[in-house]
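Novice: After the structure tokens below, expect a handful of questions from me.
In our numbering, the protein residues as written are 119 to 462.
In structure tokens, the structure reads:
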């Protein structure tokens, strides 16, 4: 950018230009995820949230007031959160730390993916709870397995639960649809980070959420840029849900960068991207499958991204994961990660 000004002012040409660029990025992202941001049907909010999915999910939790809620002695008054065994740490630990909330893990089905029969059984078991939240990974960052987000969303809404999705692993590749043609398959909130996009490193996390869930009286992070006015003894916060929830000096350049990264993704097209990714999956499985000492984890014949977790057998034991990573790096220039993958 040839000039730069803070987005909290539009009276100067630099501030106006910077604000316009950042808002254009918001609109690009909103359109890409099919968020309804304008007109009489406006129901969604697109928020830039700082440090990846972790910031997005914590902002959502704070907006719901769950972080300050006291644990109720009556079970039906306690919120319940349904999670999955392949949850990203960003979408697991913030919920676990909530004192007032019951967390229920839905197991993996024998054929892979979420066990929908068990999910429905648990939804029925907790259907008298005032607040029910399903928050799942749209894709596993251990095996790349993709979830049927629309099918799960419909099941959650059938029992009055919120449908929330962590797209951290798959946002650069798959179509994200907040409001699909099937009205029962809408998403209440989606979270993702921009750093995995082509051109996205250094960009912030994102929270796209239904407006009615951001009804908190006090912004999740009160401070500069969140107020209408401040006097010696009083203050009034902005009514605009976007402005009041993006307090402080934002990551302006990162936000603009993410808008451009989304523009690139949409021009290439998620369908074309996924066609290429599925070719990579078939190739890797075919090549690694020839070696009996390489044990691929997860399930075969599932829709997935080309993300693979594996063990390397040596005799009757397995090589240490960091040793394998070092060999791949030093001998072949292949970047791999061993051990904990921000999931369990």
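Even glycine gets a Cβ: it sits at the ideal position worked out from N, Cα and C.
Closest to residue 338 by CA distance: which of 247, 325, 433, 382 is it?
Specialist: On the chain shown, residue 338 is found 220 positions in, with the first residue counted as 1. It is 325 whose Cα lies nearest to the Cα of residue 338.
Novice: I'd like the span of the alpha helix (DSSP H) that includes residue 147, first residue to last.
Specialist: Sequence index remark: in the chain shown, residue 147 carries index 29 (1-based). 131–150 is the span of the alpha helix (DSSP H), which, as asked, contains residue 147.
Novice: Is it true that the CB of residue 129 sits closer than 9 Å to the CB of residue 121?
Specialist: Residue 121 sits at position 3 when you count from the first residue of the chain shown. Residue 129 sits at position 11 when you count from the first residue of the chain shown. Cβ distance not < 9 Å, so residue 121 and residue 129 don't count as in contact.
Novice: Can at least three beta-carbon pairs, one atom from the stretch 292–302 and one from the stretch 349–357, be found at a separation below 8 Å?
Specialist: Output reads no: the stretch 349–357 does not touch the stretch 292–302.
Novice: Rounded to a whole number of angstroms, what is the C-alpha to C-alpha distance between residue 259 and residue 284?
Specialist: Looking up residue 259 in the chain shown gives position 141. Looking up residue 284 in the chain shown gives position 166. Each residue's alpha carbon lies about 11 Å from the other.
Novice: Could you tell me which residues DSSP puts in a beta bridge with residue 323?
Specialist: Within the chain shown, residue 323 is the residue found at index 205, counting from 1. Answer by DSSP bridge pairing, in chain order: 311.
Novice: Could you tell me the boundaries of the alpha helix (DSSP H) in which residue 443 lies?
Specialist: Looking up residue 443 in the chain shown gives position 325. Per DSSP, residue 443 belongs to the alpha helix (DSSP H) from 439–450.
Novice: Here's the rule: buried if 16 or more other CB atoms are within 10 angstroms of the residue's CB, otherwise exposed. What is residue 217?
Specialist: As a position in the chain shown, residue 217 is number 99, starting the count at 1. Exposed, by the Cβ-count rule.
Novice: So what's residue 274 in DSSP terms, helix, strand or just coil?
Specialist: Translated into positions along the chain shown, residue 274 becomes position 156. In the structure shown, residue 274 sits in a helix (DSSP, three-state: H, G or I).
Novice: Quick check: what's the CA-CA separation for residue 312 versus residue 255?
Specialist: Within the chain shown, the letter at position 194 stands for residue 312. Within the chain shown, the letter at position 137 stands for residue 255. Their backbone Cα atoms lie some 16 Å apart in a straight line.
Novice: In terms of residues, what are the limits of the alpha helix (DSSP H) holding residue 294?
Specialist: Numbered from its first residue, the chain shown carries residue 294 at position 176. Per DSSP, residue 294 belongs to no alpha helix (DSSP H) and is neither H nor E.
Novice: Check each candidate in 359, 438, 304 and name the one with the smallest Cα separation from residue 152.
Specialist: Within the chain shown, the letter at position 34 stands for residue 152. Out of 359, 438, 304, 304 has the C-alpha closest to the C-alpha of residue 152.
Novice: Less than 8 Å between the CB atoms is what I'm expecting for residue 184 and residue 203, so what's the real figure, rounded?
Specialist: Taking the chain shown and counting its residues from 1, the one referred to as residue 184 is at position 66. Taking the chain shown and counting its residues from 1, the one referred to as residue 203 is at position 85. Actually they do not touch by this definition, with Cβ atoms about 22 Å apart.
Novice: Whose CA, out of 262, 241, 356, 247, lies closest to the CA of residue 271?
Specialist: Residue numbering aside, residue 271 sits at position 153 when the chain shown is read from its first letter. Of 262, 241, 356, 247, the residue nearest in Cα terms is 241.
Novice: Please name the residue, chosen from 286, 288, 276, that lies closest to residue 302 on a Cα-to-Cα basis.
Specialist: Within the chain shown, numbered from 1, the residue matching residue 302 stands at position 184. Selected option, being the one with the closest Cα: 276.
Novice: Suppose contacts are defined by Cβ-Cβ distances below 9 Å. Is residue 166 in contact with residue 368 by that definition?
Specialist: Residue 166 sits at position 48 when you count from the first residue of the chain shown. Residue 368 sits at position 250 when you count from the first residue of the chain shown. Cβ distance < 9 Å, so residue 166 and residue 368 count as in contact.
Novice: Anyone know if the C-beta pair for residue 453 and residue 262 falls short of 9 Å?
Specialist: Mapped onto the chain shown, residue 453 falls at position 335. Mapped onto the chain shown, residue 262 falls at position 144. Cβ atoms of residue 453 and residue 262: not closer than 9 Å.
Novice: Helix, strand or coil: which one does DSSP assign to residue 380?
Specialist: The residue you call residue 380 lines up with position 262 of the chain shown. Three-state result, residue 380: helix.
Novice: Between the C-alpha atoms of residue 244 and residue 192, what's the straight-line distance to the nearest angstrom?
Specialist: Along the chain shown, one-based indexing puts residue 244 at 126. Along the chain shown, one-based indexing puts residue 192 at 74. Their Cα atoms are separated by approximately 13 Å.
Novice: Assuming contact is defined by CB atoms lying nearer than 9 Å, are residue 342 and residue 365 in contact in what I supplied?
Specialist: Translated into the one-based positions of the chain shown, residue 342 becomes position 224. Translated into the one-based positions of the chain shown, residue 365 becomes position 247. Yes, they are a contact pair.
Novice: Quick check: the Cα distance between residue 400 and residue 181, rounded to an integer number of angstroms?
Specialist: By one-based count along the chain shown, residue 400 stands at place 282. By one-based count along the chain shown, residue 181 stands at place 63. Going by the C-alpha atoms only, they are around 42 Å apart.
Novice: Smallest Cα separation from residue 247: which of 265, 280, 269, 229?
Specialist: Within the chain shown, residue 247 is the residue found at index 129, counting from 1. The option with the nearest alpha carbon to residue 247 is 280.
Novice: Quick check: what's the CA-CA separation for residue 288 versus residue 403?
Specialist: If you number the chain shown from 1, residue 288 lands on position 170. If you number the chain shown from 1, residue 403 lands on position 285. The alpha-carbon atoms of residue 288 and residue 403 are separated by roughly 19 Å.
Novice: Residues in its own chain within less than 7 Å of residue 174 by CB, not counting five upstream and five downstream?
Specialist: If you number the chain shown from 1, residue 174 lands on position 56. 167, 309, 323, 324, 325, listed in sequence order.
Novice: Provide the residue span of the alpha helix (DSSP H) that contains residue 178, from first to last.
Specialist: Here residue 178 refers to the residue found at position 60 of the chain shown. 170–181 is the extent of the alpha helix (DSSP H) around residue 178.
Novice: Applying the criterion that 16 or more other CB atoms from any shown protein chain within 10 Å of the CB defines a buried residue, is residue 407 buried or exposed?
Specialist: The residue given as residue 407 occupies position 289 in the chain shown. Classification of residue 407: exposed, given that the 10 Å Cβ count is below 16.
Novice: Using the Cα positions of residue 333 and residue 155, report the straight-line distance between them to the nearest angstrom.
Specialist: Here the question's residue 333 lines up with position 215 in the chain shown. Here the question's residue 155 lines up with position 37 in the chain shown. When rounded, the distance between both Cα atoms is 16 Å.
Novice: Identify the continuous beta strand (DSSP E) that holds residue 163 and give its terminal residues.
Specialist: Indexing the chain shown from 1 puts residue 163 at position 45. Taken as a continuous stretch (DSSP letters only), the beta strand (DSSP E) holding residue 163 covers 162–166.
Novice: Could you tell me the boundaries of the beta strand (DSSP E) in which residue 73 lies?
Specialist: In the structure displayed, the chain extends from 119 to 462; residue 73 sits before or after that span and is not available.
Novice: DSSP state of residue 403, grouped into three classes?
Specialist: Counted from its first residue, the chain shown places residue 403 at position 285. In the structure shown, residue 403 sits in a helix (DSSP, three-state: H, G or I).
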